[in-house]
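Participant: Following this note's numbering, the numbering of the sequence shown begins with 41 at its first residue and continues without gaps.
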Amino acid sequence: MNVLVVGKGGREHAIVRALNISPSVQSIHAVPGNPAMENTQCHDLSVADGAGIAKLAKDNDCQLVIVGPEDPLAAGLADTLRAEGLFVFGPDQAGARLEASKVAAKEFMKKYSVPTSNYQRVASVDEVEKAMPNFTPPYVLKADGLAAGKGVFICQNQEELLQAARELFEQKTLGSAGDEAILEQFQPGYEISYFVLTNGEDFCSLPLAQDHKRLRDNDQGPNTGGMGTVAPMRIPAVMEDQILQEVVKPTVQGLKREGFVYRGVVFIGLMITDQGPKVIEYNIRFGDPETQVLLPLMSGDWGEAFLKIAKGAIPKLTWSSEAAACVVIAAENYPGSPVKGVAIQGEPLASGDNQYFLHAGTALSHDTWVTAGGRVLNAIGRGSHLKEAIERAYDQAKKVSWPGMQLRSDIGKKALKITS
Ligand code: GLY
């Protein structure tokens with residue numbers, strides 16, 4: 041079959057790489073894609089252009105459209121494409137509200153008894169001030185709408201919380217995404233990323249992954265979209281079962297009861313606390329950079345698996361016993377305003393079976409690879425165990441350099457401790 045992938049970052053490059061080794065896939069198209077995607081025809085079209093994407097898919101006889109990022113899904117791209125008779129991997133607009141509105145997500149969790157931390161809805165500095173005594177520091181303030189990873193404020197004290205509230209509600213730093221927010225109780229513990237493929241009624245789980253959200257080592261510095269991932273994360277079987285019973289099953293039941301056309305992935309951000317698992321957030325698309333370490337661990341045909349979900353069936357996934365690690369190499373000044381147009385030295389196309397790059401934010405300028413986004417390259421390592429995968433990812437990362445590049449040196453360190 042021919043497949044169309046919507047998106048352009050490291051997550052979509054990982055999907056393209058998986059499709060390239062899927063026997064079921066003949067040709068790959070991408071909107072807009074990136075110039076490092078192998079054997080892929082990239083089309084310069086906006087991801088917001090639903091009619092254009094439908095026409096492109098039909099003109100190129102694409103049986104399947106895989107939508108990577110959340111924004112087009114929240115804008116209803118899957119609905120538009122399905123109305124044109126296409127098979128789509130991605131939820132409808134109503135289902136996408138679980139990520140597009142943090143308030144909607146919390147209300148869904150409450151309705152279906154999914155464990156999460158206590159919260160209050162707030163829409164002004166005044167309301168935050170009144171709600172503050174009901175919580176203990178550190179405080180978590182989350183903008184309701186989509187904010188490209190910039191909507192969560194973790195505040196150490198009341199002054200920091202009020203400052204964040206002023207930024208959201210008075211300075212409108214996130215625009216309408218910050219019209220409303222959630223003030224919630226911080227949960228200490230460790231974070232894991234749990235993914236299920238679902239047809240909106242049933243599901244199959246992927247191995248657990250762990251992201252590293254802060255910019256610097258030892259979870260210091262500002263929050264980012266994710267600076268690196270490892271998979272599989274091993275946690276006690278009893279905890280995995282608790283997640284399945286208390287979080288995943290009620291979530292999928294909720295998707296069904298709400299009547300969503302949910303054919304895609306639910307990415308559940310979980311905090312494992314002393315009181316058990318608590319949901320931090322739902323995402324309605326694959327994680328970035330979690331996808332980069334999860335897809336290579338499936339030994340079957342991803343093209344077939346995506347198509348099955350898009351048609352409303354549940355695939356049988358078989359997993360290898362390997363591990364994978366991803367080290368994100370970011371541009372100078374990420375996550376603020378990343379410095380773009382800087383020439384990348386070394387071998388950004390260096391690729392082997394067990395270590396390679398995925399391109400997240402690069403461009404080709406007169407035959408030179410340059411930085412073109414915040415997260416620039418993903419160095420991927422695979423190995424027979426986690427330690428080997430991490431070593432290979434770091435070995436790969438050494439193959440490029442540019443002034444001001446940033447990477448963490450401790451990706452996977454916590455997972456090695458928890459897992460061993
Ligand atoms: N890695 C976190 C995310 O994709 O939201």
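C-beta atoms are modelled at their ideal positions from N, C-alpha and C, and glycine is treated no differently.
Shorter than 7 Å, the distance from the beta carbon of P329 to the closest heavy atom of the ligand GLY, or not?
Facilitator: yes
Participant: According to DSSP, simplified to helix, strand and coil, what is H399?
Facilitator: strand
Participant: From the DSSP output, which residues share a beta bridge with A118?
Facilitator: DSSP lists no partner for A118.
Participant: Evaluate P272 with the Cβ neighbour count: other Cβ atoms within 10 Å of its Cβ, from every protein chain shown; 16 or more gives buried, anything less gives exposed.
Facilitator: buried
Participant: Pull the bridge partners of H69 from the DSSP assignment, please.
Facilitator: L44 and Q81
Participant: What residue from V333, V192, G47 and V270 has the CA that sits closest to P72's CA?
Facilitator: Checking every option, the nearest Cα to that of P72 belongs to G47.
Participant: Have a look at W409 and K170 and give me their C-alpha separation to the nearest angstrom.
Facilitator: 51 Å
Participant: Let me check you understand the geometry: is the CB of G266 closer than 7 Å to at least one non-hydrogen atom of the ligand GLY?
Facilitator: Remark: the shortest separation between the CB of G266 and any heavy atom of the ligand GLY falls under 7 Å.
Participant: Can you name, in chain order, every residue of its own chain whose Cβ lies under 6 Å from the Cβ of V305, other than the five neighbours on each side?
Facilitator: Counting only Cβ-Cβ distances below 6 Å, and skipping sequence neighbours, we find F235, L237 and F326.
Participant: Can you tell which of A365, S86 and A371 has the C-alpha that lies nearest to the C-alpha of S330?
Facilitator: It is worth fixing the name first, because residue 330 is Glu in this sequence and not Ser. Ranking A365, S86 and A371 by Cα distance to E330 puts A365 first.
Participant: Can you tell which of L96, R415, G421 and V165 has the C-alpha that lies nearest to the C-alpha of G444?
Facilitator: R415
Participant: Quick one: residues in its chain with C-beta nearer than 7 Å to the C-beta of M172, no 5 flanking neighbours on either side, listed in chain order?
Facilitator: Q198 and L201
Participant: Closest to E220 by C-alpha separation, out of L248, L255 and L208, would be which residue?
Facilitator: L208
Participant: By alpha-carbon positions, which one of L223, E124, F127 and Q133 ends up nearest to E491?
Facilitator: Here the chain covers residues 41 to 460 and nothing more, so residue 491 does not appear.
Participant: Taking a contact to mean a Cβ-Cβ separation below 8 Å, would you say L138 touches A350 in this structure?
Facilitator: no
Participant: Since D184 and A217 are thought to touch, with beta carbons under 8 Å apart, how far apart are those beta carbons, to the nearest angstrom?
Facilitator: 7 Å
Participant: With H, G and I counted as helix, E and B as strand and the rest as coil, what does DSSP make of Y434?
Facilitator: Y434 sits in a helix when the DSSP states are folded into three classes.
Participant: What is the DSSP secondary structure of L104, counted as helix, strand or coil?
Facilitator: strand
Participant: Let me confirm a value: E52 is counted as buried when at least 16 other C-beta atoms fall within 10 Å, else exposed. Which label applies?
Facilitator: E52 is classed as buried because its beta carbon has at least 16 other beta carbons within 10 Å across all chains shown.
Participant: Below 8 Å, how does it come out for the segment 290-305 and the segment 237-249: are there three or more Cβ pairs, yes or no?
Facilitator: yes
Participant: For a test of the three-state rule: what should DSSP assign to L291, helix, strand or coil?
Facilitator: Note that residue 291 corresponds to Thr in the displayed sequence, not to Leu. The answer is helix: DSSP assigns T291 an H, G or I state.
Participant: Less than 8 Å between the beta carbons of K380 and A400, yes or no?
Facilitator: no
Participant: Our contact map puts I312 next to P131 with C-beta atoms below 8 Å; I'd like the distance itself, whole angstroms only.
Facilitator: So it is not a contact: roughly 26 Å between Cβ atoms.
Participant: Taking only heavy atoms of the ligand GLY into account, decide whether any of them is closer than 7 Å to the Cβ of D251.
Facilitator: Yes, the ligand GLY has a heavy atom inside 7 Å of this Cβ.
Participant: Is Q446 helix, strand or coil when you go by DSSP?
Facilitator: strand
Participant: Does A76 come out as helix, strand or coil in the three-state DSSP assignment?
Facilitator: Taken through DSSP and simplified to helix, strand or coil, A76 comes out as coil.
Participant: Touch check for the segment 257-273 and the segment 377-394: three-plus C-beta pairs under 8 Å?
Facilitator: no
Participant: Could you tell me which whole alpha helix (DSSP H) segments of length 4 or greater appear in the segment 312-377?
Facilitator: 330-334 and 342-350
Participant: Specify, as a first and last residue, the run of the alpha helix (DSSP H) that V128 falls within.
Facilitator: Where V128 is concerned, there is no enclosing alpha helix (DSSP H), although the beta strand (DSSP E) it sits in stretches over F127 to F129.
Participant: Would you kindly check if the distance between the Cβ of V45 and the Cβ of I106 is under 8 Å?
Facilitator: yes
Participant: I want to see whether chain B comes within less than 8 Å of E298, judged by CB atoms only; does it?
Facilitator: Considering every chain present, this structure includes no chain B. It has just one protein chain.
Participant: Please check the pair M267 and A145, which I expect to be a contact at CB under 8 Å, by giving their CB distance rounded to whole angstroms.
Facilitator: Wrong, their Cβ atoms sit about 24 Å apart, outside the cutoff.
Participant: Under the rule that 16 or more other beta-carbon atoms within 10 Å means buried, what is I283, buried or exposed?
Facilitator: buried
Participant: If you follow the alpha helix (DSSP H) that L223 is in, where does it begin and where does it stop?
Facilitator: No alpha helix (DSSP H) contains L223, which is instead part of the beta strand (DSSP E) from A221 to Q225.
Participant: Measuring alpha carbon to alpha carbon, tell me which of K427, G421 and H425 ends up nearest K438.
Facilitator: Minimum Cα distance to K438 is reached at G421.
Participant: Ends of the beta strand (DSSP E) at L181?
Facilitator: Y179 to A183
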